[in-house]
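Since the structure comes first, as structure tokens, the remarks are kept for the end.
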Amino acid sequence: MLIDSHCHLDRLDLTPYNGSLDAALDAARARGVGKFLCIGVDATNAPIVQALAERYADVFCSVGVHPLDLKDSAETELDWLLTALQHERTVAIGETGLDYHYEPELAEQQKASFEVHLQAAKQTGKPVVIHTRAARADTLALLREADLANAGVLHCFTEDWAMARAALDMGYYISLSGIVTFRNADALREVARQVPVDRLLVETDSPYLAPVPHRGKPNEPQFVCEVASFLAELRGVSVATLWQQTSDNFHRLFPLTQR
-1 MLIDSHCHLD
9 RLDLTPYNGS
19 LDAALDAARA
29 RGVGKFLCIG
39 VDATNAPIVQ
49 ALAERYADVF
59 CSVGVHPLDL
69 KDSAETELDW
79 LLTALQHERT
89 VAIGETGLDY
99 HYEPELAEQQ
109 KASFEVHLQA
119 AKQTGKPVVI
129 HTRAARADTL
139 ALLREADLAN
149 AGVLHCFTED
159 WAMARAALDM
169 GYYISLSGIV
179 TFRNADALRE
189 VARQVPVDRL
199 LVETDSPYLA
209 PVPHRGKPNE
219 PQFVCEVASF
229 LAELRGVSVA
239 TLWQQTSDNF
249 HRLFPLTQR
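Under my numbering, the residue at position 90 of the sequence shown is numbered 88, and the numbers go up by one with no gaps.
So, in structure tokens, the structure goes:
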């Protein structure tokens, strides 16, 4: 089994499948993708991703407020988050985090929201799915302060090894997307070689960031196979080994998906 540990099924371009999400998921399943983690980004789409998780036995979901989706929400409400997390197929919190690349002017608002998500993680024990871009120091500082027992994952990782190592030292996992296949991603490939075997996840972040040879096209869950194949070659292991390793890691980080 291979697992797409981060995808946005409610945002996929289903044109190649005549509008059918079932067909898009079947295309991934036919290639060996056995589970999908559908990610929440705000309060509006939380019930949407939860409905998808209810509809498909191999789909699970997270709920949270993305740092770039705070414009429509003055703050993340802890009560709402804790209530949403009671949903039986909601296995993680997020995505949350910090993004100073696009909205540095909202840094304080982003940090306040991130802290609420981390507080929810401490109360529920569910892992956190973290988005971080151009905010290394603040991200790591807040993670250290939270000191979570069942930490989470830095998804679609694009930062340097120093940040990866700091997160790994706190118990976090590193998830790599199609970006690692891009021609200009040499630095990220060096990180990908060094991530410990028991802390690596793979994802598509579909419909974004399609891997080579699909770059420039809408991404979809089946393309996690290309990400995994690339990483297997990069790390000098068989494709089957990498599939098994990353699936084991996924189930360890998100134990509620072992159903």
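Where a beta carbon is used, it is the ideal one built from N, C-alpha and C, also for glycine.
The C-alpha of M161 is placed about 19 Å away from the C-alpha of P125. In the structure shown, K33 adopts extended strand secondary structure according to DSSP, grouped into three states. Spatial neighbours of R27 in its own chain (CB-CB distance under 8 Å, excluding positions within 5 residues in sequence) are listed in chain order as D56. Excluding sequence positions up to five before and after L166, its CB lies within less than 8 Å of the CB of I172, V193, P194 and R197, all in the same chain and listed in chain order. Across the structure, V178 and L83 are spaced so that their CA atoms are roughly 31 Å apart.
Counting along the chain, the unbroken beta strand (DSSP E) around E93 starts and ends at T88 to D97. Annotated three-state conformation of C223 is helix, per DSSP. If you look at H115, you'll find it in the alpha helix (DSSP H) that goes A105 to T122. In the three-state scheme derived from DSSP, where H, G and I count as helix and E and B as strand, R191 is classed as helix. Bridge partners of Y171 according to DSSP: V151.
H129 sits in a strand when the DSSP states are folded into three classes. Nearest in C-alpha terms to L12, of all of H6, N247, G214 and A22, is A22. Unbroken alpha helix (DSSP H) runs of no fewer than 4 residues, entirely contained in the region -1 to 44, are found at 19 to 28, following chain order. Linking E52 to V237 through their CA atoms gives a straight-line distance of about 31 Å. For F248, the enclosing alpha helix (DSSP H) begins and ends at V237 to L251.
Straight across, the Cα-Cα distance linking D136 with H85 is about 30 Å. For the pair T88 and V151, the Cα-to-Cα distance works out to about 16 Å.
Our two residues, D8 and Q121, have alpha carbons roughly 28 Å apart in a direct line. The beta carbon of F34 is closer than 8 Å to those of I1, D2, C5, L7, L23, A26, Y54, D56, V57, F58 and P219 in its chain, skipping five residues each way along the sequence. Excluding five sequence positions before and after P205, the CB atoms of its chain that fall closer than 6 Å to its own CB belong to R9, L10, D11, P216 and N217, given in chain order. Y98 is the residue among Y98, N16 and P209 whose C-alpha sits nearest the C-alpha of D67. Its chain contains G38, A44, A82 and T88 as the residues whose beta carbon lies nearer than 6 Å to that of V61, once the 5 sequence neighbours on both sides are disregarded; these appear in chain order.
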